[in-house]
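Have a look at the structure below, then the notes.
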Amino acid sequence: MFSLAVFFHSFGPLLWAARYTLLISVLGIGLGLVIGTVICAARLSPYPLLRRFAAIWVSFLRGVPLLVQLLVFYYTLPVIGLDVPAMVAAVVTVGICASAYISEIWRGAIAALPTGQAEAAVAIGMRPVDVWTRVILPQAVTLSLPALINELILLVKASSLVSVVGILEITRASQAQAATTFRPLEVYIAAACIYLLINLCLAALGRYLEHRTNV
Amino acid sequence: MEWSVFQQYGPSLLRGFGNTIICWALGTVFAMALGLVIALIQRYAPRWVTWFVQAYIEVIRGTPFLVQLFVLYYGGPLVGLRLDALPAGLLGLTIYGSPYFAEIFRSGFRAVPHGQIEAARAIGMAETDIVRRILLPLGLVSSLPALVNFSIILTKETVILSIITVPELLYQVQRMSAETFRYVEANLVLALFFWGLVETISRVGRRLETRITKHLIERT
Chain A
1 MFSLAVFFHS FGPLLWAARY TLLISVLGIG LGLVIGTVIC AARLSPYPLL RRFAAIWVSF
61 LRGVPLLVQL LVFYYTLPVI GLDVPAMVAA VVTVGICASA YISEIWRGAI AALPTGQAEA
121 AVAIGMRPVD VWTRVILPQA VTLSLPALIN ELILLVKASS LVSVVGILEI TRASQAQAAT
181 TFRPLEVYIA AACIYLLINL CLAALGRYLE HRTNV
Chain B
1001 MEWSVFQQYG PSLLRGFGNT IICWALGTVF AMALGLVIAL IQRYAPRWVT WFVQAYIEVI
1061 RGTPFLVQLF VLYYGGPLVG LRLDALPAGL LGLTIYGSPY FAEIFRSGFR AVPHGQIEAA
1121 RAIGMAETDI VRRILLPLGL VSSLPALVNF SIILTKETVI LSIITVPELL YQVQRMSAET
1181 FRYVEANLVL ALFFWGLVET ISRVGRRLET RITKHLIERT
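Order-wise, the sequence lines are chains A and B.
Reminder that position 29 of the first sequence reads as 29 in the working numbering, one-by-one numbering, no gaps.
Reminder that position 109 of the second sequence reads as 1109 in the working numbering, one-by-one numbering, no gaps.
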């Protein structure tokens, strides 16, 4: 019934494809961090128009399924004259989607800091820039590390969706493998094992970081 | 933009929306029920059983929903599990959602003050009565916000079912755009539609939440 040979044989190509899964997740979270920081700054800024824009950005990206975002992006870009490779489109979509969640993580971490910290910094005469770069942000980053690792785990899982736009990551590779071996059960379980392995490692990293920052 | 396509495909889009709602509602209810059972097993079953349940939780939470669906729908027939797309999708949603709901219930149960349970034991209530009359009512109320939140997340997961050909909304939209070449409009409208849907559901959910947890806020 369950062919162990097929199961073990599919690990080779799937692990090879895993580099795209990792690449998309890591680039996606990197882009998400950059955009998310900007959005968070806009959300906390004193300008109502910026705050409104950031709120709509977050609400839209959290309200629309990633798969639909991918399809919108993938089909709209060529129409407005931007001919980018599928890989770029995928990373940008994943990054933009992640930015909404990351900006909320930042916002939560900054809100969790005691207001006395910023007040004390202002009271001893620090400039607003220094208050942010020396007091608020370093603490917020430490506080939000576990949540960011969690977001990365979510992205590894979400990256399976970019198989739909034709990128040969783990899921797409397993579809091809299943089509050639006619043993979808073994192949897809192998794919699940690889995802699980990646995510267990990330979860362990998250626990380690949480433990370190607690001490 | 060509809006007459939407009129022409109205009926099939509506059917798709109906299927989306069915998948979401039934999937959420089944996943919640399974999650509750898992949470109760974790609380009361012997150690080695909870170990298996914990492994189940880790595996489901560590793998993408899409891959779980592939295992179920394409791998299932190899072990005699032959399902149509819609039931397979429902079963998939149930399995995928259950560990998240189980964790929500578990932390809800943990929020029940231990004194309440000890008091119930002290006056001689049976263990099943304690679950029914103390643990569940108190635990469910405190897990309500998280339950609402995850149910909303599940609406967005239903579109993934289109990949295993469940005829839900995204599937119908894709068929429509393949026949009319209106990919851009169709997907944009679908995105806006989902945005509206999720915003509406979260509003309703928040209202429900404040209503049910009102007594908690007044007391503190």
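Note that the Cβ used here is the ideal one computed from N, Cα and C, for glycine as well.
query: Short Cβ contact (7 Å threshold) for B/S1142 with B/G1108; result: yes
query: Bounding residues of the alpha helix (DSSP H) (the contiguous stretch that carries B/P1145); result: 1136 to 1157
query: Where A/S160 meets chain B, residues with beta-carbon distance less than 7 Å; result: P1064, L1066, V1067
query: Cβ-Cβ distance between A/A86 and A/V164 below 7 Å; result: no
query: A/T171: contacting residues in chain B (beta-carbon distance under 8 Å); result: P1064, L1066, V1067, F1070
query: Length at least 4, wholly inside the region 148 to 204 of chain A: the alpha helix (DSSP H) runs in chain order; result: 170 to 181
query: Residue from B/E1199, B/P1145, B/S1202 with nearest C-alpha to B/L1216; result: B/P1145
query: Rounded Cβ spacing between A/A173 and A/A17 (contact assumed at less than 8 Å); result: 3 Å
query: Residue closest to B/I1057, alpha-carbon to alpha-carbon, out of B/V1067, B/F1070, B/Q1042, B/L1069; result: B/Q1042
query: Residue range of the alpha helix (DSSP H) that includes B/A1085; result: 1085 to 1110
query: Residues in the region 1184 to 1199 of chain B having any Cβ partner in chain A nearer than 7 Å; result: V1184, N1187, L1188, L1190, A1191, F1194, W1195, V1198, E1199
query: Own chain, CB closer than 7 Å to A/C97, minus 5 neighbours either side, in chain order; result: L61, L66, Q69
query: Same chain only: Cβ atoms within 7 Å of A/T37, ignoring 5 sequence neighbours per side; result: W106
query: Alpha-carbon to alpha-carbon, A/L197 and A/R207; result: 15 Å
query: First and last residue of the uninterrupted alpha helix (DSSP H) at B/A1126; result: No alpha helix (DSSP H) contains B/A1126, which DSSP labels as neither H nor E.
query: With 16 other Cβ atoms within 10 Å as the buried cut-off, status of B/T1020; result: buried
query: Chain B contact for A/I189 (CB, 7 Å cutoff); result: yes
query: 7 Å Cβ cutoff, A/V84 in contact with chain B; result: no
query: Min CB distance A/V72 to chain B below 7 Å; result: yes
query: Any C-beta of chain A under 7 Å from that of B/K1156; result: yes
query: The region 170 to 184 of chain A / the region 1079 to 1089 of chain B touching (three or more Cβ pairs under 8 Å); result: no
query: Beta-carbon contacts of B/F1181 that lie in its chain and below 8 Å, excluding the five residues immediately before and after; result: none
query: Segment limits, alpha helix (DSSP H) that includes B/L1192; result: 1183 to 1212
query: Residues, ordered as in the chain, of the region 22 to 37 of chain A that lie near chain B by beta-carbon distance below 8 Å; result: none
query: Cβ of A/F53 within 7 Å of any chain B Cβ; result: no
query: For A/S45, the first and last residue of its enclosing alpha helix (DSSP H); result: Segment: none, A/S45 is in no alpha helix (DSSP H) and carries neither H nor E.
query: Cα-Cα separation, A/A158 to B/E1103; result: 21 Å
query: Pick from A/T21, A/A54, A/L205, A/A121 that is closest to A/L137, judged by C-alpha positions; result: A/A121
query: Minimum C-alpha distance to A/S99 - residue among A/R212, A/I39, A/V26, A/L205; result: A/I39
query: Member of A/S25, A/F11, A/G12 whose CA lies at the smallest distance from the CA of A/L148; result: A/S25
query: Residues of the region 173 to 188 of chain A whose Cβ lies closer than 9 Å to any Cβ of chain B, in chain order; result: S174, Q175, A178, R183, P184, L185, E186, V187, Y188
query: Classification of B/E1118 by the beta-carbon crowding that lies within 10 angstroms, buried from 16 upward; result: exposed
query: Secondary structure, alpha helix (DSSP H): runs of 4+ residues fully inside the region 90 to 128 of chain A; result: 115 to 123
query: Interface flag, A/N150 vs chain B, CB-CB below 7 Å; result: no
query: Proximal chain A residues relative to B/I1160, where beta-carbon distance stays under 8 Å; result: P65, L67, L161
query: Length of the line joining the Cα atoms of B/R1121 and A/C193; result: 44 Å
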